[in-house]
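*Asks:*
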Amino acid sequence: MPEILPVEEYTGMATLSHAFYVIGMGEPDGIALPSTDSRTRVTATDSRSCLTVTAGSNEWEPVKISFLVYDREPEPLPGEWTHTETFTCTATDAPADFTTGTDSDAMFEDPLPPENLFNRPGLEPPYHWKGRLLVAAYEVEEHVLQFWPA
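Start counting the sequence shown at 0; every next residue gets the next number (numbering that gives the first Met the number 0).
1) Would R40 and V134 qualify as a contact pair, given that the criterion is a beta-carbon distance under 8 Å?
2) Let me check understanding here. Comparing Cα to Cα, which of T44, S16 and T98 lies closest to T89?
3) Smallest Cα separation from Y126: which of T98, P5, P94 and E74?
4) Can you tell me the Cβ-Cβ gap for S65 and Y20, rounded? I've got them flagged as a contact below 8 Å.
5) So, with DSSP's three-state summary, where would you put Y20?
6) CA-CA distance, D96 and E2?
7) At the level of alpha carbons, what is the spacing between T26 and T99?
8) Under 6 Å Cβ to Cβ from A13, same chain only, skipping five residues before and after it: list those, please.
9) Taking the alpha carbon of F146 as the reference point, which residue from Y137, M24, V139 and E140 has its own alpha carbon closest?
10) May I have the straight-line CA-CA distance separating S34 from T42, to the nearest angstrom?
11) Do you know how far the Cα of V52 is from the Cα of G29?
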């Protein structure tokens, strides 16, 4: 079977002022507090329009974060992943927001992730996604979030 390639991708270095970061997928109805269960790194609001991702690193340590968006479900990326988790989420056509903890300051160094990362051209919102978080501990902690249509 041929490899499924992302239709959109972003990779950036982030510095977290808390041990988690928040992905607002358009018009979130608040922030979900991070899970206290060590097996769960992704916590979603009831509407699934806001994701909170827990990092294993300490506050103020860099984390490499990649967002990969696909047309259909991909295989997990090869690598030495210490944690894999699946989740579902919903986006609107409003701009996405990426913050560190509860701070409004951008967590990514320039360039920032695209505000329309979770919008699906040709379809009407809300956009329903399935996702997979892959975590590794290399020179820095690395997170890869793969998204595909639900």
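Don't be surprised by glycine CBs; every beta carbon is placed ideally from N, CA and C.
*Replies:* Here's the rundown:
1) Working through the sequence shown from its first residue, we reach residue 40 at position 41. Working through the sequence shown from its first residue, we reach residue 134 at position 135. The answer is yes: Cβ separation under 8 Å.
2) For the purposes of this step, residue 89 is taken as residue 90 along the sequence shown, with counting starting at 1. Here the closest residue by C-alpha is T44.
3) Here residue 126 refers to the residue found at position 127 when the sequence shown is read from its first residue. Minimum Cα distance to Y126 is reached at P94.
4) Position 66 of the sequence shown holds residue 65. Position 21 of the sequence shown holds residue 20. About 13 Å; that fails the 8 Å criterion.
5) As a working note, residue 20 is residue 21 in the sequence shown. Residue state, collapsed to three classes: strand.
6) Stepping through the sequence shown from its first residue, residue 96 is reached at position 97. Stepping through the sequence shown from its first residue, residue 2 is reached at position 3. Roughly 30 Å separates the two Cα atoms.
7) Working through the sequence shown from its first residue, we reach residue 26 at position 27. Working through the sequence shown from its first residue, we reach residue 99 at position 100. Sequence inspection shows Glu at residue 26; the Thr mentioned does not correspond to that position. Going from the Cα of E26 to the Cα of T99 covers about 17 Å.
8) Counting from one through the sequence shown, the residue named residue 13 turns up at place 14. These residues qualify, in order along the chain: V62, I64, M106 and F107.
9) On the sequence shown, position 147 is the one that residue 146 refers to. Among Y137, M24, V139 and E140, the Cα nearest to that of F146 belongs to M24.
10) Taking the sequence shown and counting its residues from 1, one reaches residue 34 at position 35. Taking the sequence shown and counting its residues from 1, one reaches residue 42 at position 43. Rounded to whole angstroms, S34 to T42 spans 6 Å at the Cα level.
11) Translated into the one-based positions of the sequence shown, residue 29 becomes position 30. Translated into the one-based positions of the sequence shown, residue 52 becomes position 53. For G29 and V52, the distance between alpha carbons rounds to 14 Å.
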